[in-house]
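Q: Chains as they are written, first to last, in the working numbering: chain A, 8 to 318; chain B, 5 to 534.
A virtual CB, placed ideally from N, CA and C, is assigned to each residue, including glycine.
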Amino acid sequence: MLRFALRRILQIIPTVIVVALLIFVIFSVVPGSFAASLFSDGRTNADPQLVARLTAELGLDKPLHERFFTYLWDLVRFDLGTSFRTRLPVIQMINERMWASLELAAAAMVFAIVIGVPLGFMAALRPGSILDTVTMIGAVSGLSLPQFWLGLLMMMLFALHLNWLPSFGYGGGSFRNLILPAMALGVTPLALLARTTRAGVLDVMNSDFIRTAHAKGMSESAVVRRHVARNALVLIVTTVGLQFGSLIGQAVVIEKLFAWPGIGSLLVDSVAIRDIPVVQGTILVIVLWFLVINTLVDLLYAAIDPRIKQD
Amino acid sequence: MLKTLSLAALLSLGTATLAWADEPRHGGTFNFTAPYGSAFATLDTHSSPNIQEQFLTFAIHRSLYSWDSHANTPVLELADSVDVSEDGTTYTYHLKKNAKFHNGTPLTVDDFIFTYERLATASNALPGASYINIIKGVQEFGSGAATEIEGLKKIDDHTLEITLDAAGNPGFNLMEPTTAIYPADVPLEQQAINPVGLGAFVFKEHVPGSQIVVERFDDYYEEGRPYLDRVNIIVMAEGSARDVAFRNQEIDVSILGPVQYSAYQADPALKDNILEVAETFTRNIGFSQTQVEAFKDKRVRQAINYAINSDLIIERLVKGKAVRATSWLPFGSPAFDTEAEPYPYDPEKAKELLKEAGYENGFEFEVTATSNESWGVPIVEAILPMLAEVGVTVRPRPIESAALGSTISAGNFQAYMWSNLTGPDPLTVMRCYWSQTPQSACNYTAYSNPEYDKIYEAARAERDPEKQLELLKEANNFIQEEAPVWFFNYNKAVMAHQPWVHGLVPNATELALQPYDDIWIDDTAPASRQ
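(1) Less than 8 Å separating the beta-carbons of B:GLN194 and B:THR330?
(2) Give the DSSP bridge partners of B:ILE166, in chain order.
(3) Between the alpha carbons of A:ALA115 and A:VAL25, how many angstroms are there, rounded?
(4) I'd like the ranges of any alpha helix (DSSP H) spanning at least 4 consecutive residues and lying wholly in the region 55–107 of chain A.
(5) Consult DSSP for B:LEU391 and reduce its assignment to one of helix, strand or coil.
(6) Measuring straight from C-alpha to C-alpha, what distance separates A:PHE91 and B:VAL304?
(7) Does the structure place the region 117–126 of chain B close enough to the region 89–106 of chain B that three or more beta carbon pairs sit under 8 Å?
(8) What do you get for B:GLN306, buried or exposed, if any count of 16 or more other CB atoms within 10 angstroms of its CB means buried?
(9) Please list the partners that A:GLY88 has in chain B, where partner means a Cβ-to-Cβ separation under 8 Å.
(10) Hey, quick one: how far does the alpha helix (DSSP H) through B:HIS501 stretch, first residue to last?
(11) By Cβ distance below 7 Å, which residues in the same chain neighbour B:LYS323 in space, the five residues on each side in sequence not counted?
(12) My understanding is that B:VAL371 touches B:TYR420, with C-beta atoms under 8 Å, so please give their C-beta distance in whole angstroms.
(13) Using a Cβ-Cβ distance under 8 Å, would A:GLY269 count as near chain B?
(14) I'd like to confirm the pairing. Which residues does DSSP put opposite B:LYS216 in its beta bridges?
(15) Quick one: give me the first and last residue of the beta strand (DSSP E) that B:ARG328 is part of.
(16) When the Cα atoms are used, what is the spatial distance from B:VAL327 to B:ASN480?
(17) For B:ALA129, return the contacting residues in chain A, with the cut-off set at a CB-CB distance below 7 Å.
(18) Take the Cβ of A:ASN170 as the centre, count every other Cβ of all protein chains shown within 10 Å, and call the residue buried at 16 or more, exposed below.
(19) Considering only C-alpha positions, which residue in the set B:ALA392, B:ASN252, B:ILE383, B:SER444 is nearest to B:PRO351?
(20) Tell me the DSSP bridge mates of B:GLU370?
(21) Quick check on A:LEU274: does DSSP put it in helix, strand or coil?
(22) What's the gap between the Cα of A:ILE270 and the Cα of B:GLY213?
(23) What span of residues does the beta strand (DSSP E) with B:ILE289 cover, start to end?
(24) Does any CB atom of chain A fall closer than 8 Å to the CB of B:PRO181?
(25) Quick check on B:TYR310: does DSSP put it in helix, strand or coil?
(26) Compare the Cα-Cα distances from B:TRP379 to each of B:ILE317, B:VAL433, B:PRO519 and report the closest residue.
(27) Listing by chain order, which chain A residues have their CB less than 9 Å from the CB of B:GLY215?
(28) On the CB-based measure, 16 or more other CB atoms within 10 Å of its CB, does A:VAL147 come out buried or exposed?
(29) Kindly indicate if chain B contains any beta-carbon less than 8 Å away from that of A:LEU197.
(30) Which parts of the region 247–300 of chain A are runs of the beta strand (DSSP E), unbroken and 3 residues or longer, counting only runs that do not cross its ends?
(31) Buried or exposed: A:VAL208, going by 16 or more other Cβ atoms within 10 Å of its Cβ?
(32) Determine whether the Cβ of A:GLY49 lies closer than 8 Å to any Cβ atom of chain B.
(33) Evaluate A:LEU298 with the Cβ neighbour count: other Cβ atoms within 10 Å of its Cβ, from every protein chain shown; 16 or more gives buried, anything less gives exposed.
(34) Check whether the Cβ of B:ILE64 lies closer than 8 Å to any Cβ atom in chain A.
(35) Closer than 8 Å between beta carbons: that is the criterion. Which residues of the region 227–243 of chain B meet it against chain A?
(36) In the region 482–513 of chain B, which residues sit with their C-beta less than 7 Å from some C-beta in chain A, listed in chain order?
Listed below in structure tokens is the structure:
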């Protein structure tokens, strides 16, 4: 188990290096520069001397390879650089926003698990029933609906018409402010979990060992509890892990819509003004989060199903 | 000679539809929205030229001058009076003696020198540097050739003498939020964390990506102001989300886009609380005179202006949220010629001009534009069939908004569509067509005409404000005739406000920037705002 864990953790390193390289290259070649966006936005006359001065001060006039090695060397020392705009360490800016994003992603995931898994389970136990049909129609709809549009609908229903919840904002960390964005973000993983759980449970239910368990006279509830649930868990855990890992990235749109102070809105604004250190740092943290969660999931289902680590 | 600065400028067409109650009322919370981003990039407002950060500046800081939205002119803010020398280059300011920073320190000349030296220091690369460079010696100080700014002189603690490089009204430059006065006794690093200023409100809290909270400053120098106890400046970049929050009475004001503008006008519950103003922005398509041979001919440029039905586009696509542009200077500029007429829609005249210029078989060009609904690709697509009718083929070249400025400044375009700041100072604005102005600054079309240069240089040298305005009017009319751009429209900014909000002003420089110290809410506001 230890070797398996070590191997999975070591795989993160080359992935991070490749991602870092890609981010660096992409944002080095896209048109637009921070200095130009600061001084030449149509409101003020861009003073070429000022632009050149700022470009030099930020080191953006150095050759690409030199900048890349400096960036990598800083990364090795866990230094994500300094924001062009705020002159604050990027790590500090991410730290200020990361927790709100994690809070939102965790709440969305809890919402998805608490509703999606039982629904999928019940639908699989009664295939073809009204519950199964409704669940699957709901799941397909949940997967197809754009989160942005769904968020707006929720705002209109729960904030404007019913007046139950605030329509936007962090509210100093209030639970009431968390509900709508978490639901809007959680609908896609909920739908996916319901479908995956249903498929996983149906697959196990049709297995020979389940028939054997029934033949041995085991009660339905005991079969579901002891055999079906455990075997379907691998697929469910995988889906939960993948979804949780990608939720931080997906939250960009929802954070902007609900004025949620997370890492997503930091990324969007930084791209717009070409604050490259913040863009690089933020994307890297999102990628790292995804990799860490995936590794944890791998380890978890290796624990659930020992056959996996042997493979 | 003592002169009180006053520019008889009647700039904007503010059509405030405010329901004014009799007596302003003290107290309450104002939920203001910051719609131009998903966050505040910095609290050190010197380092950002963007409107998003200026919401904070307006609450916390003050500059030497401020903008009077009713008179449409810069007015003294931190001084009670000013003496101007005969040659118009030396200004002696008598500073307000009751002005104090939020830390209790009284305002003195040292704070001005501290602030302007910070802005002028080259290594700081602050956007405010381009505004204070009208002061004598700023360039030398910036480059390290001098240890102090020659044009700044402390007469005593409350008397500041500023000498300009050339005569002119420094109010337009020194009212800019990026030149706000910082206290000399507060470390600069603190301004990025817990800003201290002279404004009517004290910084209380910043939740990154969410909101900034400011509270009433009891020692503010304006008697009886501010009225509000607290202002929450809430980040809300998404128009549709703002719409829901506004209708739900969670926010007190909302900047409207074209679609919302139509919806609010049609809604009896909302239509009476809309404030609109023609802002000092001119939407246009600039024609590169270095990249496209045809654009060197005035008749071709004029033909394009005749060939496009601007009114139709404003009505159908911009939903009436714009004022038809006549020329470069906006409708409310003091140098705008009210007698001038915009180019009429006349395709036959366009064809005639193209034929005269030798382009009866047409020509092709591409327009670099962003996805902006009011001055981007959707508008370029609308003009395609109109120009095709006169034989001109246009191709849109989409570009991300962050890259538009640098692409245009670098001259990397055949034509571009942009919304350019064309106010409030007409002298600064008309400089953009002076041949000595580099393309990278604001002469984006690389326009050059000795006749125009002559008019502009005469305006620049003129000391009499009235005569100077006449010359600038002439310059603007000359540019209209020359048509270096397609004059599309002037932005009509629209702000919806709740019925209990009073004191909003039709700020033509940027409607979203409001004087928080003049705003008050009446007793019909919900309990959460009382």
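A: Result, derived from the coordinates:
(1) If you number the second sequence from 1, residue 194 of chain B lands on position 190. If you number the second sequence from 1, residue 330 of chain B lands on position 326. No, the Cβ-Cβ distance between B:GLN194 and B:THR330 is not below 8 Å.
(2) Reading the second sequence from its first residue, position 162 is the one you call residue 166 of chain B. Paired residue(s): B:TYR95, B:LEU156.
(3) If you number the first sequence from 1, residue 115 of chain A lands on position 108. If you number the first sequence from 1, residue 25 of chain A lands on position 18. Each residue's alpha carbon lies about 30 Å from the other.
(4) 55–64, 71–83
(5) Locating residue 391 of chain B in the second sequence gives position 387, counting from the first residue. In the structure shown, B:LEU391 sits in a helix (DSSP, three-state: H, G or I).
(6) Counting from 1 along the first sequence, the entry for residue 91 of chain A is found at position 84. Counting from 1 along the second sequence, the entry for residue 304 of chain B is found at position 300. So the two alpha carbons sit approximately 43 Å from each other.
(7) In short, these stretches do not touch, since the Cβ pair count stays below three.
(8) In the second sequence, counting from the first residue as 1, residue 306 of chain B sits at position 302. Looking at its Cβ environment, which holds 16 or more other Cβ atoms inside 10 Å, B:GLN306 is buried.
(9) Sequence index remark: in the first sequence, residue 88 of chain A carries index 81 (1-based). Correct list: empty, because the minimum Cβ distance to chain B is about 16 Å.
(10) In the second sequence, residue 501 of chain B corresponds to position 497, counting from 1. For B:HIS501, there is no enclosing alpha helix (DSSP H); the enclosing beta strand (DSSP E) covers residues 489–501.
(11) The count along the second sequence starts at 1 and reaches residue 323 of chain B at position 319. Same-chain partners within the cutoff: PRO262, VAL263, TYR265, SER266.
(12) Counting from 1 along the second sequence, the entry for residue 371 of chain B is found at position 367. Counting from 1 along the second sequence, the entry for residue 420 of chain B is found at position 416. With a Cβ gap of about 7 Å, B:VAL371 and B:TYR420 count as contacting.
(13) Position 262 of the first sequence holds residue 269 of chain A. Yes, its Cβ sits closer than 8 Å to a Cβ of chain B.
(14) Taking the first residue of the second sequence as 1, we reach residue 216 of chain B at position 212. Looking at the sequence shown, residue 216 of chain B is not Lys but Ile. Answer is B:HIS210, B:ILE237, bridged to B:ILE216.
(15) Counted from its first residue, the second sequence places residue 328 of chain B at position 324. Here the beta strand (DSSP E) through B:ARG328 covers 326–328.
(16) Taking the first residue of the second sequence as 1, we reach residue 327 of chain B at position 323. Taking the first residue of the second sequence as 1, we reach residue 480 of chain B at position 476. When rounded, the separation of the alpha-carbon atoms in B:VAL327 and B:ASN480 is 17 Å.
(17) Position 125 of the second sequence, counted from the start, is the residue given in the question as residue 129 of chain B. Here the neighbours are LEU57, ARG60, LEU61, GLU64.
(18) Sequence index remark: in the first sequence, residue 170 of chain A carries index 163 (1-based). Flag for A:ASN170 reads exposed.
(19) Here residue 351 of chain B refers to the residue found at position 347 when the second sequence is read from its first residue. It is B:ALA392 whose Cα lies nearest to the Cα of B:PRO351.
(20) Locating residue 370 of chain B in the second sequence gives position 366, counting from the first residue. Looking at the DSSP assignment, B:GLU370 forms a beta bridge with B:ARG399.
(21) As a working note, residue 274 of chain A is residue 267 in the first sequence. DSSP places A:LEU274 in helix when its eight states are reduced to three.
(22) For the purposes of this step, residue 270 of chain A is taken as the residue at position 263 of the first sequence. For the purposes of this step, residue 213 of chain B is taken as the residue at position 209 of the second sequence. About 9 Å.
(23) Working through the second sequence from its first residue, we reach residue 289 of chain B at position 285. Taken as a continuous stretch (DSSP letters only), the beta strand (DSSP E) holding B:ILE289 covers 278–291.
(24) Start at 1 with the first residue of the second sequence, and residue 181 of chain B comes out as number 177. B:PRO181 does not count as touching chain A.
(25) As a first step, residue 310 of chain B is located in the second sequence; it is residue number 306 there, counting from the start. It is helical.
(26) Along the second sequence, read from residue 1 onward, the residue named residue 379 of chain B stands at position 375. Of the candidates B:ILE317, B:VAL433, B:PRO519, the one whose C-alpha sits nearest the C-alpha of B:TRP379 is B:ILE317.
(27) Position 211 of the second sequence, counting from 1, holds the residue named residue 215 of chain B. The question names Gly, but residue 215 of chain B is Gln in the sequence shown. Result: GLY176, TYR177, ALA266, PRO268.
(28) Working through the first sequence from its first residue, we reach residue 147 of chain A at position 140. Under this definition A:VAL147 is an exposed residue.
(29) Within the first sequence, residue 197 of chain A is the residue found at index 190, counting from 1. No, A:LEU197 lies away from the interface with chain B (no Cβ there is under 8 Å from its Cβ).
(30) none
(31) Here residue 208 of chain A refers to the residue found at position 201 of the first sequence. By the 10 Å Cβ count, A:VAL208 comes out buried.
(32) Indexing the first sequence from 1 puts residue 49 of chain A at position 42. Residue confidence for A:GLY49 is low, a pLDDT of 49 falling below 50, so the modelled location carries little weight; the figure read from the coordinates is stated next. Closer than 8 Å: yes.
(33) As a working mapping, residue 298 of chain A is identified with position 291 in the first sequence. Buried, because 16 or more other Cβ atoms sit within 10 Å of the Cβ of A:LEU298.
(34) Locating residue 64 of chain B in the second sequence gives position 60, counting from the first residue. Answer no: the Cβ-Cβ gap between B:ILE64 and chain A never drops below 8 Å.
(35) Within the region 227–243 of chain B, the residues whose Cβ lies closer than 8 Å to some Cβ of chain A are ILE238, VAL239, MET240, ALA241, GLU242, listed in chain order.
(36) none
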